[in-house]
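Each remark here refers to the structure printed beneath this line.
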Amino acid sequence: MADGENNGSNKVKLLSRLAQWTVENLSFNDSRRSDAFKIGIWKWCLIVDNEDTKFSIRLVPDPNCITEDKQPIAKIMIHLDCTGSIDSHYVSPVYEKLFKTEKECIWHVEPVSRSSVRIEVKFLNLKISNSNDITSPLIWSDDSLPWDYTSKITLCSISRMFQESIHTDVTIETLDGSLKAHKAVLASSSPVFKQIFLDDLEEKQSSTIKIEDMSTDACSALLEYMYGTIKQDNFLKHRLPLLAAADKYNLQDLRKCCEEMLMEDIDSSNVFERLQEAWKYKLNDLVEDCFIYLFDFGKVHDLREELDDFFLHADRELLLEFFKESAAAT
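Everything in the sequence shown is counted per UniProt numbering, starting at 1 for the first residue and increasing by one.
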């Protein structure tokens, strides 16, 4: 079959950093090309070549999307599932490379015969490289925000206020320690804290707030967010306790940010946990992405043990929604 035929099966499913393409009835000396799909700020396509001696998968960037100052550095992993006379599963090494206009990433396995193949490309990281050899993360990062000079100076000063406890006026008692902070920052960030400082006589007099459902590390991450100085790795580490705090203290921007970050790396090890957290906090976009991963991407069939545990512990209304989605997918 010539490259480009069978257009009905060329569509690539996308979920955050995951791209999935299913190719039906692939025979020897067959070549297929997927439709273009967008990850980050670039368009990509997948090409498969099933030759007599090897099966090749190529990830190719659209040259029209690449300029000298916007060249992608992609860190990827590829999963390949083949079904036919013999079922087989392959996992590629982790590749990290710079894609220039004419470059691509190629992975070879043994040839497949009259198979349906499902290819998944997971973008573990994606950066911009420019002609000056300067790289910056494309996926959300505080280091890549387009702050002007004065904003950076202001944030640096605010960061020092927190880190060095400069003129702090409130102590936060956590599950396993304590932290110093500023009432003005807490009150301006959260209407709940603002009301606490207005109404609670005991906390007014003692200048102490108890947040005993958070560890010191998690609470420190919460304060770093309020002070505008949190780093990406610390945010990722504490996403779930930050989400709980966002709900408790009515931090809507933090809530949205947590949802977006939880949508970034849904996989088989966390999808049911994410689904239950999303349902608990009414994060509709995250709920939808979890269902897409389970049913549209067909992952639910690979998670029998996890599914049994989910059935035992999930909220009843969530289970009803799960069965509705399952019925709609069949």
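Note that the Cβ used here is the ideal one computed from N, Cα and C, for glycine as well. Since the model is a prediction, treat every value here as computed from it, not as a measurement.
C-beta atoms of C219 and T168 nearer than 8 Å: no
Three CB pairs or more closer than 8 Å across the segment 244-254 and the segment 283-301: no
Residue environment, H301, which counts as buried when at least 16 other CB atoms sit within 10 Å: exposed
For F28 and P72, the rounded distance between their alpha carbons: 33 Å
Where Q20 falls, given that 16 or more other Cβ within 10 Å makes a residue buried: buried
Close-in-space but distant-in-sequence residues of the same chain around E321 (CB under 7 Å, 5 per side omitted): none
Assigned exposure category for N25 - 16 Cβ within 10 Å defines buried: exposed
Straight-line gap, W279 to S31 (C-alpha atoms, nearest Å): 43 Å
Whole-angstrom distance between A246 and residue 350, CA atom to CA atom: For residue 350 there is no data in the structure shown, the boundaries of the chain being 1 and 330.
Beta-carbon separation (whole angstroms), E120 vs I78, contact threshold 8 Å: 7 Å
K70 and I128 closer than 8 Å at C-beta: yes
Where Y281 sits in the DSSP three-state scheme: coil
Proximal residues to S190 (C-beta, below 8 Å), its chain only, five neighbours per side dropped: M226, Y249, N250, L251
Where V117 sits in the DSSP three-state scheme: strand
Residue environment, K231, which counts as buried when at least 16 other CB atoms sit within 10 Å: exposed
Candidates K237, T216, A221: closest to S159 by CA position: A221
Reduced DSSP category for A329 - H, G, I as helix; E, B as strand; rest coil: helix
Option in N10, E68, D52 with minimal Cα separation from W44: N10
Own chain partners of I223 with C-beta closer than 7 Å, once the 5 adjacent residues on each side are dropped: According to the sequence shown, residue 223 is Leu rather than Ile. Cβ neighbours of L223 beyond the five flanking positions: F162, L179, A181.
Contact under 8 Å by Cβ, I287 with L275: The amino acid at residue 287 is misidentified as Ile; the sequence shows Val. In contact: V287 and L275 (Cβ atoms closer than 8 Å).
Nearest to T171 (by Cα), restricted to the options I209, T53, S188, S34: I209
Beta bridge counterpart(s) of R33 as assigned by DSSP: I47
Backbone secondary structure at K11 - three-state DSSP: coil
Every unbroken alpha helix (DSSP H) within the segment 206-238, with a cutoff of 4 residues, ordered by chain: 216-226, 232-237
Sheet register partners of L80 (DSSP bridge): Y90, I119
Proximity below 8 Å, CB of L46 to CB of I57: yes
Under the three-state DSSP convention, the category I196 falls into: helix
For H167, the first and last residue of its enclosing alpha helix (DSSP H): No alpha helix (DSSP H) holds H167; DSSP gives it neither H nor E.
Outcome for A74 when other beta-carbon atoms lying within 10 angstroms are tallied against a minimum of 16: buried
Per DSSP, the bridge partner or partners of A74: K97, L126
First and last residue of the uninterrupted alpha helix (DSSP H) at S189: 183-189
Beta-carbon separation (whole angstroms), F295 vs A329, contact threshold 8 Å: 4 Å
Exposure label - S115; buried when at least 16 CB within 10 Å: buried
Best match in K183, D176, L240, S34 for proximity to C258 [C-alpha to C-alpha]: L240
Environment of S157 [buried if 16+ CB atoms lie within 10 Å]: exposed
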